[in-house]
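Participant: These protein sequence lines are chains U and E, in that order.
The numbering of the first sequence is this note's numbering, which starts it at 10 and goes up by one.
The numbering of the second sequence is this note's numbering, which starts it at 1392 and goes up by one.
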Amino acid sequence: MSTQRPMVEVRGARKSFGAVEVLKGIDLSVERGQIVAIIGPSGSGKSTLLRSINHLETLNGGEVWLDGVQVNQPLNGQAFERHINKVRQQMGMVFQHFNLFPHLTVIENITMGPVILKGMAKAEARALAHGLLSKVGLADKIDAYPSRLSGGQKQRVAIARALAMQPKVMLFDEATSALDPELVDEVNAVMKQLAAEHMTMLIVTHEMRFAGEVADRVLFMDGGVVVEEGPPADIFRAPQKERTRSFLKKYLSA
Amino acid sequence: MQGLDFAVIAPYWDLLLIGAWWTAVLTVSAGVLSFVFGILFAVTVLYAPAILAYPVRAFMWLFMGTPLLLQLFLIYFGLVQIGIDIPALAAGIVGLGMHFAVYNADVIRAGIVAVDVGQTEGARSIGFGKWQTLRYVVIPQAIRNTAPPIGSNVIALLKESSIVSVIGIAELVHSAQLAISETFRPFEFYITAAALYYILNLVLEAALHRFERHVEVSR
Chain U
10 MSTQRPMVEV RGARKSFGAV EVLKGIDLSV ERGQIVAIIG PSGSGKSTLL
60 RSINHLETLN GGEVWLDGVQ VNQPLNGQAF ERHINKVRQQ MGMVFQHFNL
110 FPHLTVIENI TMGPVILKGM AKAEARALAH GLLSKVGLAD KIDAYPSRLS
160 GGQKQRVAIA RALAMQPKVM LFDEATSALD PELVDEVNAV MKQLAAEHMT
210 MLIVTHEMRF AGEVADRVLF MDGGVVVEEG PPADIFRAPQ KERTRSFLKK
260 YLSA
Chain E
1392 MQGLDFAVIA PYWDLLLIGA WWTAVLTVSA GVLSFVFGIL FAVTVLYAPA
1442 ILAYPVRAFM WLFMGTPLLL QLFLIYFGLV QIGIDIPALA AGIVGLGMHF
1492 AVYNADVIRA GIVAVDVGQT EGARSIGFGK WQTLRYVVIP QAIRNTAPPI
1542 GSNVIALLKE SSIVSVIGIA ELVHSAQLAI SETFRPFEFY ITAAALYYIL
1592 NLVLEAALHR FERHVEVSR
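See below:
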């Protein structure tokens, strides 16, 4: 057992969209350097949970903590805006649809955050971006616009953009779901590399094989609750709950 | 009946060119004004608190619902009455600028709304604030996506700028009229003025086309 405080902690998270309750009291704790995969059927609330962690969704109840700082602090207006902008700088988020800025080149997408938000010198930011692009295998696309890239390349740039802020944790929201099958591996390879570097990661995914390979822990969510969680070997080979078994059967037979 | 004789233009060529120069000055300054205020109005209507958004919306509605000629008269002749004396050129630039700002605002507002919400989420997730996100991510894309209709507004502005001749600004139509009053040759001078407008428009269109091509690449 680690005596360190968790890197990410969620306590009793509740979220409703209108009359529909999509998170019904979620507790989650991610240790420093740990990789947690969240699986579950569509509508189970797994994306909402991930988006709540960096406050793209506002919880109706419960708390989110990042490295000892409460993310959803009860502050007002401008004070909360300043607080959340600071907190978000420490969390990298990768989206299903990449959300690269199409009017900026690859390198501008990456340097924008460090230069504007951290006041980093342009030359330094460029060097940082260059290093990150080499890492994700796209050093030759430095001056390209996103529209000239494939989906897999776009997602790798999006990962580099998030890493440029030197985040404490990376959140992946179905990062490969919008990609052609043959482009999935190149993105997974980058995520595996981050795993090898002990980046703390939360990964919402539909790819059971990848989750099994990379995660330290797997959470199975359904109907707004965590049905079952544990090491991937346990969840995938010996699930305890019937709901988990029937979900995995559908996936593994597909 | 007089025959057509374009030789009458020659002594007035300088006057017409100076008129064309002022038309260009009016178009560029009112164009910049209409662009900047178009963005400001659009952002205010969409994001400012009601206490600001409603007056701007009312202002836009008034400027769209009344003739430009009347607006110019109000700014130039009307405001003097309440102690605001604006030189004719400034009144012309402000009048044209505000009139077209309202049209640009309408287009830019639609452009902002059309930017995918993922763009805002992408920027916010990095840590950009609400206004930074607008400034660096949403508005630049809204402008790119609405470049063609904004361009049409600038071309309309160039032509409509002739209306400020009524408050005595010596732009192209005003110069032509001055020459006509001395020569009594309306046909030759109006045709020449029309040709000069056409040339100005060609230059403007080339510039707009270059801009659109530039933003095309980055989409």
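For each residue, glycine too, the CB sits at the ideal point set by N, CA and C.
Predicted model only: the values in this text are computed from it and were never measured.
Would Gly101 of chain U and Pro176 of chain U be called neighbours here (beta carbons separated by less than 7 Å)?
Facilitator: Numbered from 1 along the first sequence, position 92 holds the residue referred to as residue 101 of chain U. Numbered from 1 along the first sequence, position 167 holds the residue referred to as residue 176 of chain U. Taking 7 Å as the Cβ cut-off, Gly101 of chain U and Pro176 of chain U qualify as a contacting pair.
Participant: Just the C-alpha distance for Arg252 of chain U and Ile47 of chain U, rounded to the nearest angstrom, thanks.
Facilitator: Here residue 252 of chain U is taken as the residue at index 243 of the first sequence, counted from 1. Here residue 47 of chain U is taken as the residue at index 38 of the first sequence, counted from 1. C-alpha separation (whole angstroms): 15 Å.
Participant: Would you decide whether Ile1541 of chain E is buried or exposed? Buried here means 16 or more other CB atoms lie within 10 Å of its CB.
Facilitator: Within the second sequence, residue 1541 of chain E is the residue found at index 150, counting from 1. Result: buried.
Participant: Is there contact between the stretch 1545-1552 of chain E and the stretch 116-136 of chain U, where contact requires at least three CB pairs shorter than 8 Å?
Facilitator: No, because fewer than three Cβ pairs between the stretch 1545-1552 of chain E and the stretch 116-136 of chain U fall closer than 8 Å, the two stretches do not touch.
Participant: For the stretch 1528-1539 of chain E, which residues have a CB atom closer than 7 Å to at least one CB atom of chain U, in sequence order?
Facilitator: Cβ contacts with chain U come from Val1528, Pro1531, Gln1532, Arg1535.
Participant: Here's the rule: buried if 16 or more other CB atoms are within 10 angstroms of the residue's CB, otherwise exposed. What is His1605 of chain E?
Facilitator: Residue numbering aside, residue 1605 of chain E sits at position 214 when the second sequence is read from its first letter. By the 10 Å Cβ count, His1605 of chain E comes out exposed.
Participant: Determine whether the Cβ of Ile1473 of chain E lies closer than 7 Å to any Cβ atom of chain U.
Facilitator: Counting from 1 along the second sequence, the entry for residue 1473 of chain E is found at position 82. No - not a single Cβ of chain U is within 7 Å of the one on Ile1473 of chain E.
Participant: Assign Leu68 of chain U to one of two classes, buried (16 or more other C-beta atoms within 10 Å of its C-beta) or exposed (fewer than that).
Facilitator: As a working note, residue 68 of chain U is residue 59 in the first sequence. Its Cβ being crowded by 16 or more others within 10 Å, Leu68 of chain U is buried.
Participant: Just mark Met16 of chain U as buried or exposed, buried being the case when its beta carbon has 16 or more other beta carbons within 10 Å.
Facilitator: As a first step, residue 16 of chain U is located in the first sequence; it is residue number 7 there, counting from the start. When all chains shown are included, Met16 of chain U counts as buried.
Participant: Output, in chain order, the set of chain E residues within a Cβ distance shorter than 7 Å of Asn108 of chain U.
Facilitator: As a working mapping, residue 108 of chain U is identified with position 99 in the first sequence. Simply Gly1509, Gln1510, Glu1512, Gly1513.
Participant: Tell me the rounded alpha-carbon separation between Phe245 of chain U and Val45 of chain U.
Facilitator: On the first sequence, position 236 is the one that residue 245 of chain U refers to. On the first sequence, position 36 is the one that residue 45 of chain U refers to. One C-alpha to the other measures close to 14 Å.
Participant: Mind listing the chain U neighbours of Gly1520 of chain E? Cutoff is C-beta to C-beta under 7 Å, in chain order.
Facilitator: Position 129 of the second sequence, counting from 1, holds the residue named residue 1520 of chain E. By Cβ distance, chain U contributes Glu90, Asn94.
Participant: Tell me which residue opens and which closes the alpha helix (DSSP H) that Ile1517 of chain E is part of.
Facilitator: Within the second sequence, the letter at position 126 stands for residue 1517 of chain E. It spans 1508-1517 - the alpha helix (DSSP H) in which Ile1517 of chain E sits, taken as one unbroken run.
Participant: Excluding five sequence neighbours on each side, which residues of the same chain lie with their C-beta closer than 8 Å to the C-beta of Phe1578 of chain E?
Facilitator: Counted from its first residue, the second sequence places residue 1578 of chain E at position 187. Leu1395, listed in sequence order.
Participant: Would you mind working out which of U:Met208, U:Phe219, U:Arg226, U:Asp243 sits nearest Arg41 of chain U, comparing C-alpha positions?
Facilitator: Translated into the one-based positions of the first sequence, residue 41 of chain U becomes position 32. The shortest C-alpha separation from Arg41 of chain U is found at U:Met208.
Participant: Going by DSSP, name the residue or residues bridged to Phe229 of chain U.
Facilitator: Within the first sequence, residue 229 of chain U is the residue found at index 220, counting from 1. Partner(s): U:Ile48, U:Glu237.
Participant: If we cut at 7 Å on Cβ distances, does Asn85 of chain U have a partner in chain E?
Facilitator: Your numbering for residue 85 of chain U matches position 76 in the first sequence. No, Asn85 of chain U does not count as interfacial toward chain E.
Participant: What three-state label does DSSP hand Leu211 of chain U in the structure shown?
Facilitator: One-based indexing of the first sequence puts residue 211 of chain U at position 202. Strand, per DSSP.
Participant: Going by alpha carbons, who is nearest to Val235 of chain U out of U:Phe26, U:Lys24, U:Lys33?
Facilitator: For this step, residue 235 of chain U is matched to residue 226 along the first sequence. Answer by Cα proximity: U:Lys33.
Participant: Is Met210 of chain U close to chain E? Criterion is C-beta to C-beta, closer than 7 Å.
Facilitator: By one-based count along the first sequence, residue 210 of chain U stands at place 201. Judged by the 7 Å Cβ criterion, Met210 of chain U is not in contact with chain E.
Participant: Using the Cα positions of Asp1405 of chain E and Phe1580 of chain E, report the straight-line distance between them to the nearest angstrom.
Facilitator: Counting from one through the second sequence, the residue named residue 1405 of chain E turns up at place 14. Counting from one through the second sequence, the residue named residue 1580 of chain E turns up at place 189. Approximately 13 Å, taken between the alpha carbons.
Participant: As a quick exercise: from U:Ala88, U:Asn197, U:Leu211, pick the residue whose alpha carbon is nearest that of Arg226 of chain U.
Facilitator: On the first sequence, residue 226 of chain U is found 217 positions in, with the first residue counted as 1. Of U:Ala88, U:Asn197, U:Leu211, the residue nearest in Cα terms is U:Leu211.
Participant: Please determine if the stretch 1409-1425 of chain E and the stretch 70-83 of chain U are in contact, where contact requires at least 3 C-beta pairs separated by less than 8 Å.
Facilitator: Verdict: no, contact absent.
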